[in-house]
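Chains as they are written, first to last, in the UniProt record's numbering: chain W, 1 to 333; chain X, 1 to 501.
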């Protein structure tokens, strides 16, 4: 075996191994600890798990692209909340009163457009000012959240449209609407990243920016497109979720950015850019959701979930580092 | 007579405060290998950036054929047939060979898709020409450095190259890999491409180039036919005067053995290394990059744990567990990478100088500023550091003065053993000889000095004895009386050497 082969094999397959481990653990532990007599790996339960993965998962696909590109976006949670408000509030606007149920696609488009624009705005600032994406999106995270609170104070924004709720709760071939969106987005982002020139250039930029510049790749526009994509996906995630729930609190979507980044990193994307893929991210999203559900299943307090996931994330990164430096004989720190 | 593929006429480039290029003119003929030489900072890189469209010249012209051209950017330079093989490989390691070769120019299908079939086909036809042992889909990060360089060269072949510029191409190649590279250069030459070859290695320059152009401080010094000149003449053009490279054995009495190393090994990095250095002596370490010299220094400084062997300080066996431990035991290391490892560029001269002893220079909870300034003044005078004052940011000093700050920093810790890794890397010629003299003086004052260098004239000049290393082993230790350039080269190439292991 070549040096580094073990590390690579572990990296590409590790997340799926981890998922199997989780399933086995919670199934067995559930037999003894669970209060319900339903098995953990119940079919309905698994379908629900996929549906519940969708809000984080849809955004995580975009984050994979942005992080592979060498950037990061901390503002996705706030963008998510803004898009939700646009979706629910616009359906009550008097100018759309005569549309009947046709208000639904209009509201969707509006929300998606707002998300895309906010993302593009982040990208434009990163491109034109050269300020680190971490700082730019930290700022816009605070700013966007401020807009959310300015809109309706501490009060929730609510609007239920039953046609929309029916659509959101529908199941096609057994899978929920949200799951279909998650799968569709995963497939679309896989196509963009693995098959298109834009996607491959995004990898090149994240891997070796100077080489990309020297090769004449226009770094700025590529980055802006990717921020627009993640903005769009944050809005799409909101649109899918709030079509069903019909009510958004001004705090909704907070910490989403951290869950999303955790899923992406667990899925094997390099924090410095250049490597990663959406299939791994899909695994990361499922692994986190399994953990949340599983800990609930065996009766653990929801607050322990964060602790466990935090520990796992750090453990994974330590393991990854150990595997990578082995054989390189690094200096002591 | 044929026309040159590329002609530079009186190129001028000014940066704030610096005239980086001042009237550079030379031409490259088709089928010619044209060397470009000059000391660090002579303007070679700036000139190449002008050629590559990264900088725009302030004056003069680049002429291709009969017409002056403007290089608006890297893509345009490439479109005009000017291709660079960079010294620091400009590759994306996670991507495939094919994607790297066509970086920025991936063939497209509908919907912005990459045309993988066409990409593989084109790439493989180029790789076949180069006769390499990897294919289009290999991940570049999995290739050896030499093969990565082949990927860069393959990139040059994707366009109708008129001029190919090699920037220090052999810096990290083995001898066998060099042969392959020179074959590729010969092929390019035979097909009528003009080649600019930038290197410091005289041996290569005289082996493969037709003409040599020389820069000094941004000024063009002239072009000579390689066949009609000598290494000495070229060196003189580069530095503007003759270097004092006389041997310099100590005439003072040597003291006791300060540091002795017995059978020291560290994994695959080096093995069975034994040597000693006395007070008052300069011990030179010479070898190729990767021979294990720096790693030995790092072990002595507590940065690496040896896997076996002994280190004795003043005859007593010690285990050095960390840099703090090394410093406490009187060992100091002036690292290879001055800017990255030796200095905090944003801090001022005084604070850099007193960095290792800030804990000892306290007045209550506060810094003892007066004591710090006193230390700085003492070593400024001792080492003749030229700076407007201690408030000067170190990043604004010249390389020579920066190096003196680092040396002063360690001297202020009163070491017994001073290890200096590449003492004059990136330092201009004038300051070089000052640093050399300083190292000799320090030995005369009773320090045990270890100098690691990749420049043969330097080791020959400053050392009392020279340890020649090859591939992690000491091949031979020379005294300054017996050493010759030939025997030294043989020893570090793994040929000969009396004590070959």
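By construction, the Cβ of each residue, glycine as well, lies at the ideal position given by its N, Cα and C atoms. Only a predicted model underlies this, so the values are computations on that prediction, with no experimental measurement involved.
- From the listed residues X:431, X:419 and X:97, the smallest Cα separation to residue 297 of chain X is found for X:419.
- Residue environment: residue 55 of chain W is assigned as buried (16 or more neighbouring CB atoms within 10 Å of its CB, all protein chains considered).
- Counting only the Cα atoms, residue 352 of chain X lies some 19 Å from residue 425 of chain X.
- Taking 7 Å as the Cβ-Cβ cut-off, the region 182-200 of chain W approaches chain X at 195, 196, 197, 198 and 200, given in chain order.
- Looking from the CA of residue 175 of chain W, the closest CA among W:43, W:27 and W:318 belongs to W:43.
- Contact check between the region 300-312 of chain X and the region 369-384 of chain X: fewer than three CB pairs, one atom from each, fall below 8 Å, which does not count as touching.
- In the displayed model, residue 215 of chain X falls within a strand according to three-state DSSP.
- Looking at the DSSP output, residue 34 of chain X bridges to X:196 and X:211.
- In this structure, the beta-carbon distance from residue 52 of chain X to residue 84 of chain X falls below 9 Å.
- Among the CB atoms of chain W, one or more fall inside 9 Å of the CB of residue 93 of chain X.
- Taken through DSSP and simplified to helix, strand or coil, residue 437 of chain X comes out as helix.
- For residue 216 of chain X, the closest of X:175, X:47 and X:136 by C-alpha to C-alpha distance is X:47.
- Proximity of the region 390-409 of chain X to the region 337-347 of chain X meets the contact definition, three or more beta-carbon pairs being nearer than 8 Å.
- Using beta-carbon distances, residue 182 of chain X does not count as an interface residue toward chain W, since no partner is under 9 Å.
- If only uninterrupted alpha helix (DSSP H) runs of at least 4 residues are considered, those enclosed by the region 50-88 of chain X are 74-79.
- One alpha carbon belongs to residue 188 of chain W, the other to residue 123 of chain W, and they sit about 21 Å apart.
- Taking 4 residues as the minimum length, the alpha helix (DSSP H) runs contained wholly in the region 267-330 of chain X are 293-300 and 323-328, in order along the chain.
- When Cβ-Cβ separations below 9 Å define contact, residue 264 of chain W makes no contact with chain X.
- Within the region 58-74 of chain X, contact with chain W at the beta-carbon level (separation under 9 Å) is assigned to 73 and 74.
- Here residue 222 of chain W is buried. Its C-beta has 16 or more other C-beta atoms within 10 Å.
- Under the Cβ criterion of 9 Å, residue 111 of chain X is counted among the residues facing chain W.
- In the DSSP annotation of this structure, residue 227 of chain X is not part of any alpha helix (DSSP H), being labelled neither H nor E.
- Beta-bridge partners of residue 26 of chain X (DSSP): X:8.
- Out of X:214, X:163, X:129 and X:92, the CA that lies nearest to the CA of residue 63 of chain X is found in X:163.
- Residue contact with chain W for residue 330 of chain X: absent (no Cβ-Cβ distance below 9 Å to any residue of chain W).
- Residue environment analysis places residue 314 of chain W among the exposed positions, since fewer than 16 neighbouring C-beta atoms fall within 10 angstroms of its C-beta.
- Cβ contact annotation for residue 235 of chain W (same chain, cutoff 6 Å, sequence separation greater than five): 83, 111, 112 and 115, in chain order.
- In the DSSP annotation of this structure, residue 163 of chain X is not part of any alpha helix (DSSP H); the continuous beta strand (DSSP E) holding it starts and ends at 163-167.
- By the rule that beta-carbons nearer than 9 Å mark a contact, residue 55 of chain X does not touch chain W.
- Contact between the region 26-34 of chain W and the region 284-300 of chain W is established, with three or more Cβ pairs separated by less than 8 Å.
- Less than 9 Å divides the Cβ of residue 467 of chain X from the Cβ of residue 275 of chain X.
- The same chain holds no residue with a CB closer than 6 Å to that of residue 321 of chain W once the five nearest residues on each side in sequence are set aside.
- Looking at the DSSP output, residue 366 of chain X bridges to X:363.
- Shown here is that no member of the region 13-38 of chain W has a Cβ falling below 8 Å from a Cβ of chain X.
- Taking 8 Å as the upper bound for CB-CB distance, residue 281 of chain W and residue 61 of chain W are in contact here, some 6 Å apart.
- Rounded to the nearest angstrom, the gap between the Cα atoms of residue 281 of chain X and residue 438 of chain X is 13 Å.
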